[in-house]
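Visitor: Its first residue numbered 1, the sequence shown is counted upward by one per residue in the UniProt record's numbering.
Glycine included, each C-beta is placed from N, C-alpha and C at the ideal position.
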Amino acid sequence: MEAVELLRVLGNKYNAEILRATNEPMSAQELSDELEIPIATSYRRIEELTEADLLELSGREFSDEGRRTKVYRRNVDALEFSFEDENVDVSVDDRPDVDNSLADVWRDLKAE
């Protein structure tokens, strides 16, 4: 995604807060509750951030009500923008994948 488009996505209300909150996987409902935003807005922002490759579906977990729910996690650690010579450039630090993490294994087992 181009730098200007990423800036537009990050400029939308709640997107930066959602990225900050999703260091660990969270559902749309958890984000809505924690950030005190409407659930419909939470879903729209998740979709927008996912399309921008800033957020990813991390798996499915059981909610407190026993329903299977999607959880999302940011897939970037840092974004750095530079504005030089009428250009906007972005540098993205992707999150490293953690192989064989106990949490990932448990999440996969619960999803089956």
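Buried or exposed for N87, going by 16 or more other Cβ atoms inside 10 Å?
Guide: For the purposes of this step, residue 87 is taken as residue 87 along the sequence shown, with counting starting at 1. Under this definition N87 is an exposed residue.
Visitor: Is the CB-CB distance between T22 and Y72 below 8 Å?
Guide: Counted from its first residue, the sequence shown places residue 22 at position 22. Counted from its first residue, the sequence shown places residue 72 at position 72. Yes, these two residues count as a Cβ contact at 8 Å.
Visitor: Using a threshold of 8 Å, state whether the C-beta atoms of L54 and R68 are closer than that.
Guide: Here residue 54 refers to the residue found at position 54 when the sequence shown is read from its first residue. Here residue 68 refers to the residue found at position 68 when the sequence shown is read from its first residue. No.
Visitor: Which whole-angstrom value is the C-beta distance of V9 and E48, which I expect to be below 8 Å?
Guide: As a first step, residue 9 is located in the sequence shown; it is residue number 9 there, counting from the start. As a first step, residue 48 is located in the sequence shown; it is residue number 48 there, counting from the start. V9 to E48, Cβ: 6 Å. Contact.
Visitor: Would you tell me roughly how many angstroms separate the C-alpha atoms of I18 and E34, rounded to the nearest one?
Guide: Residue mapping note: residue 18 aligns to position 18 of the sequence shown, counting from 1. Residue mapping note: residue 34 aligns to position 34 of the sequence shown, counting from 1. Each residue's alpha carbon lies about 10 Å from the other.
Visitor: In angstroms with no decimal places, state the Cα-to-Cα distance between Y14 and R45.
Guide: What you label residue 14 is simply residue 14 of the sequence shown in a count that begins at 1. What you label residue 45 is simply residue 45 of the sequence shown in a count that begins at 1. Those two C-alpha atoms are separated by around 7 Å.
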